[in-house]
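These protein sequences, in sequence, are chains A and B. Going by the working numbering, the letters in the first sequence line up with residues 554 to 868, in that order. Going by the working numbering, the letters in the second sequence line up with residues 356 to 702, in that order.
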Amino acid sequence: MTKLNKIANNNELTLTFFALLLFIGFSFASPYFFRLGNLMQVTAQLVELGLMTLAMSASIISGGMDLSIGAMTSLCTVLLATFMGSMEMPMGTAILMTLAISMLCGMLNGFLCGYLKINSMLATLGTQALFTGLGLVISKGVTIQCLNERFFFFGQGRIGGQLPFQTVILIVTAVFSIILISKSKWGRHVYLIGSSSKVAQFAGINYEWNIMLVYVFSAIMSFICAIVITSRISGGRADVADPLVLQSVSAAVFGGISITGGAGNITGAIIGVIVFTLVSNGMNMMGASQFLQQIIIGSILLLVLMLRQIAKKRQ
Amino acid sequence: MKRLKIFMAVILVVAITLSIAACGQSAKPTVESPSNETKTDTPKEDKKGTIAVLNYVSSAPYFACGESKAKEAGAKAGYDVIYTGTPNVDTPKLISLIQDMLQKDVKALVVASGDSTSVAPVLKEARAKGIKVVSWDLDIAKEGRDCYAGIMDLAELGVPMVEEMVKTIGDEGEFAIVTGVLTNEFLQARIKRIEEYIAEKYPKLKCVAIEGMDEDPQKAFAVTQNIISAHPNIKAIMSNVSTGLGPIGKAIEQEGKIGQVYATGQSTPQLAKPVLESGAAESAVLWDPGDWAAFATTIAANLVDGVEMPEGNPNIDGFPDATRQGDVFYFWKTLVFTKDNVDQFDF
C-alpha cells in the first residue's frame with residue numbers, strides 16, 4: 554500500500570502507468586494495435602507534437618506562453634523548402650540559414666517578452682501573425698516543394714528498416730532538453746523566474762537574458778520540428794504547423810506543467826504527448842470516429858486537471 | 356490514502372476511455388451512417404476488404420454529407436468503407452491518419468487533401484505496398500496516386516460560378532471573392548480561372564477583393580461586412596467554398612443591402628436555403644459531394660478488383676457520363692440551386 558501511495562504521489566509515474574494501461578487496453582481492443590509496424594508508427598507520430606511541446610513547455614515554465622511556435626515552424630518549413638527547392642542550395646547551407654533565421658525569430662520574441670516585458674501571449678500573438686505573413690509572402694500561399702531527396706531521411710527514413718529516424722531525433726532532443734531544463738543552472742533560473750520573476754530578480758538573476766534564452770530555445774525546437782515536417786511532407790507550407798500549438802499546450806499541462814509557470818517538468822510533458830498519441834492511434838485502430846477522439850482527449854484532460862486540483866485543495 | 360484514491364481515479368479514466376471508444380464503435384452507424392450499415396473493425400466475411408475514404412475537414416458539411424453515398428458505392432462493389440478525416444485542416448494529423456489506415460490493411464485509399472504534395476510521400480509508400488490510391492477533391496501529385504477522380508477539369512469549375520453571377524448582376528460592375536484557406540491550391544486554381552474567364556468574356560466585371568474565410572462562417576460574415584464598407588459600389592460577393600455563401604448572404608441582410616449586393620458562388624443547398632429565401636442570393640452552384648465520393652470509391656474498388664476502365668467512356672457503375680483521359684476520370688455533373696428547387700436536396 555505504501556508503495557502504491559508512493560507511485561500515486563509521483564506525477565510522471567502515474568502518467569506512465571496511465572499510458573501503460575491505455576497501451577494494454579488498446580492491444581486487447583484492436584487486432585491492429587499491437588503490431589511492430591503500428592508501434593513504430595506510433596513512435597513516429599509522437600515526434601512533431603513532442604518537439605512542439607518541448608518548445609511550449611519551456612515558455613510555460615518561465616511563466617509565459619509562446620503562441621508563435623506554430624507559425625515559426627511553418628515559416629521554417631517554407632524557408633527550408635524554398636532554399637532546397639527553387640533556390641537549389643546545398644542541404645547543409647539551407648539548414649544552417651533556416652536555423653539562423655529561426656533563432657532571430659526567437660530573439661525577437663525574447664526581446665519583446667524579456668527586455669520590453671510585453672505580456673508573452675500578446676507579444677507572441679503579434680509575432681505569430683508576422684511569421685505567418687512572412688511565410689505566406691515567401692510561399693505565395695501555396696505548398697513549396699522541397700526537392701532534395703537526401704533531406705527526406707529526417708522525416709521518412711527508417712533505421713534497420715523499422716525504427717523511424719524522426720523518433721531518434723525526438724529522443725535525443727528530449728533527453729537534451731530534460732537535462733538542460735531540469736539540471737542546468739539556466740534551467741533552475743527559468744523555474745525561479747516562472748515562480749516569481751520579482752524574487753528571481755532580487756536573487757540577482759538576469760531576467761531579461763534568461764527569458765531571451767527561453768524563446769531562443771523554443772525557436773530551436775520549432776526549427777527541429779520544421780526539419781521533420783518538411784522532410785515528412787517533402788515541402789513547406791505557411792500554416793502547416795498551426796494546429797499543433799494548442800495541442801502542445803494541452804500536452805504540456807496534461808503532463809503536469811503548471812500553466813502559471815515555475816512547476817512541472819519536461820518528462821511529464823513528453824508522457825502527456827505519448828498519452829495523446831496513444832489515444833489517437835488506438836482509437837483509429839478501433840475504428841472510432843475522429844469527433845469521438847476529440848471528446849475523449851478533452852475529457853481525459855479535464856478529468857486529470859480536476860483530479861489534480863482536488864488533490865491540491867485537500868493538501 | 357487520498358492520493359491513492361486519485362491514482363485509482365486515473366485508472367477509472369482509462370476504463371472510461373476504452374468503454375466510450377467501444378461504445379463509439381457500436382453507436383457509429385446511427386450517428387454517422389444514415390445507411391444503417393453495421394460497422395465492424397475487421398472486414399465482414401462476405402466482403403472483399405476495406406476501402407478508406409479520407410478528407411481533410413470532416414467537420415465541414417461538404418465532406419460529412421459524402422459518407423452515405425461512399426458507403427453505398429463501396430457496399431455495391433463488395434467492400435466495407437471507412438469514411439473519416441481530420442476534424443479541421445491539420446496536415447500532420449491527416450498523414451498520421453493515412454498511416455493508421457495502412458496499419459489496418461485497407462485495400463485502397465481514396466484521399467482528399469488540402470494541398471497536392473504534402474500527402475504524396477506517405478501515399479507513395481502505400482502504393483509501394485500494393486495499396487490502390489485514388490485522389491478526389493484536389494488532385495494529388497502523380498507519384499502519390501494511381502488516378503484522380505474529379506467532376507470536370509478543375510479550372511473549369513469557376514465558369515458556371517461566373518455565369519450564375521452574371522445572370523444575377525449582369526455583365527458589368529464590381530465583385531469580390533471570399534475563398535477558404537488562402538493556402539488551398541484547389542481554391543487558388545479556381546480563382547485564377549475565374550479571373551481569366553472574366554477578362555476574356557466579361558471585361559467590364561472587376562474583381563476588387565479576394566479574402567480568406569479559413570472555413571469559418573463567422574469570419575466570412577465579418578469579411579463580407581468589411582468588403583461592403585470598403586467597396587460601396589460592389590454588386591456581388593462570390594463564395595469560392597461551399598460554406599461561404601450562407602454567411603455572406605447573412606451579412607448582406609444585416610447591412611440592409613438586399614437587392615443591391617448579392618451573394619453568389621458555391622454553397623450546399625441547405626446552407627444556401629435561408630439566403631435564397633431572403634433574396635440575398637438568387638442561386639448557388641455546387642455538385643453533389645456524395646456523388647463525388649461515390650464516384651471515387653467505385654473507381655478505387657474497380658482498381659482493386661482489376662476491372663477494366665477503358666479510355667473515353669470508362670463504364671463506371673452509376674456514372675454513365677463519366678470520361679477517362681489517362682489517369683484522370685471525370686463524371687461531369689454540376690447542380691444549380693434556386694429558391695424553387697432547394698428543397699429537393701437534403702445536404
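Idealized CB from N, CA, C, for every residue including glycine. Remember, predicted model here, so these are calculated numbers, not experimental data.
Check                                                                                                                                                              : Outcome
Within the region 409–486 of chain B, note down every full alpha helix (DSSP H) run reaching 4 residues or more, in order along the chain.                         : 416–419, 422–432, 446–458, 475–483
Taking DSSP as the reference, what is the three-state secondary structure of Thr696 (chain A)?                                                                     : coil
With H, G and I counted as helix, E and B as strand and the rest as coil, what does DSSP make of Met507 (chain B)?                                                 : coil
Counting contacts by CB-CB distance shorter than 7 angstroms, is Tyr768 (chain A) in contact with chain B?                                                         : no
Does Lys464 (chain B) get closer than 7 angstroms to chain A when you measure Cβ to Cβ?                                                                            : Position check: residue 464 (chain B) holds Leu in this sequence, whereas Lys was assumed. Closer than 7 angstroms: no.
Is it true that the CB of Gly603 (chain A) sits closer than 7 angstroms to the CB of Leu797 (chain A)?                                                             : no
Exposed or buried, which one is Leu799 (chain A) when buried takes at least 16 other CB atoms within 10 Å?                                                         : exposed
What residues in its chain sit with their C-beta under 7 angstroms from that of Met609 (chain A), if we drop five residues either side in the sequence?            : Asp619, Ile622, Ser801, Val802, Ala805
Excluding five sequence neighbours on each side, which residues of the same chain lie with their C-beta closer than 6 angstroms to the C-beta of Ala591 (chain B)? : Met520, Ile524, Phe530, Tyr617, Thr619
Please report the distance separating the alpha-carbon of Ser584 (chain B) from that of Lys561 (chain B).                                                          : 17 angstroms
So the candidates are A:Thr830, A:Ser787, A:Glu641; which of them puts its Cα closest to the Cα of Lys479 (chain B)?                                               : A:Ser787
Which word fits Gly740 (chain A), buried or exposed, when buried means at least 16 other C-beta atoms lie within 10 angstroms of its C-beta?                       : buried
What distance in whole Å lies between the Cβ atoms of Met625 (chain A) and Cys658 (chain A), which are believed to be in contact at a cut-off of 8 angstroms?      : 5 angstroms
To which residues does DSSP link Ile724 (chain A) through a beta bridge?                                                                                           : Per DSSP, none; premise fails for Ile724 (chain A).
Kindly indicate if chain A contains any beta-carbon less than 7 angstroms away from that of Gln625 (chain B).                                                      : no
Ends of the alpha helix (DSSP H) at Leu633 (chain A)?                                                                                                              : 622–637
What do you get for Glu570 (chain B), buried or exposed, if any count of 16 or more other CB atoms within 10 angstroms of its CB means buried?                     : buried
How about Arg703 (chain A): is its C-beta nearer than 7 angstroms to some C-beta of chain B?                                                                       : no
What is the rounded straight-line gap between the Cα of Arg679 (chain B) and the Cα of Lys459 (chain B)?                                                           : 30 angstroms
Please state the DSSP three-state secondary structure of Lys736 (chain A).                                                                                         : helix
Using the Cβ count rule (16 or more neighbours within 10 Å means buried), how would you classify Val725 (chain A)?                                                 : exposed
Which of helix, strand or coil does DSSP assign to Gly603 (chain A)?                                                                                               : helix
For Ala791 (chain A), decide whether its Cβ has a neighbour in chain B, counting only Cβ atoms nearer than 7 angstroms.                                            : yes
Taking the continuous alpha helix (DSSP H) assigned at Ala648 (chain B), which residues delimit it?                                                                : 644–660
My guess is that Glu641 (chain A) and Val781 (chain A) are in contact by the Cβ rule of under 8 angstroms, so how many angstroms apart are they, rounded?          : Actually they are not in contact, since the Cβ atoms of Glu641 (chain A) and Val781 (chain A) sit about 22 angstroms apart, beyond 8 angstroms.
Please classify Asp695 (chain B): is it buried, with 16 or more other beta-carbons within 10 angstroms of its beta-carbon, or exposed?                             : exposed
Alpha carbons only, please: which of A:Leu856, A:Ala864, A:Gly663, A:Gly835 is nearest the one belonging to Phe573 (chain A)?                                      : Correcting the residue type first, residue 573 (chain A) is Leu in the shown sequence and not Phe. If we check each option's Cα against that of Leu573 (chain A), A:Gly835 comes out closest.
Pairs of beta-carbons, one from the region 816–836 of chain A and one from the region 432–442 of chain B, closer than 8 angstroms: are there three or more?        : no
May I ask which residues mark the beginning and end of the beta strand (DSSP E) holding Tyr617 (chain B)?                                                          : 617–620
For the beta strand (DSSP E) containing Glu344 (chain B), list its first residue and its last residue.                                                             : What is shown of chain B runs 356 to 702, which leaves residue 344 (chain B) out entirely.
Check this for me: beta carbons of Ser468 (chain B) and Val477 (chain B), under 7 angstroms apart or not?                                                          : no
Kindly indicate which three-state DSSP category Glu555 (chain B) falls into: helix, strand or coil?                                                                : helix
For Phe571 (chain A), does the three-state DSSP call read helix, strand or coil?                                                                                   : helix
Looking at the unbroken beta strand (DSSP E) that takes in Phe692 (chain B), where does it start and where does it end?                                            : 690–692
Name the residue from B:Lys605, B:Ile450, B:Pro558, B:Arg482 whose alpha carbon lies nearest to the alpha carbon of Leu658 (chain B).                              : B:Arg482
Go through its chain and collect everything with a Cβ distance to Gln754 (chain A)'s Cβ below 7 angstroms, but skip five positions before and after it.            : Tyr760
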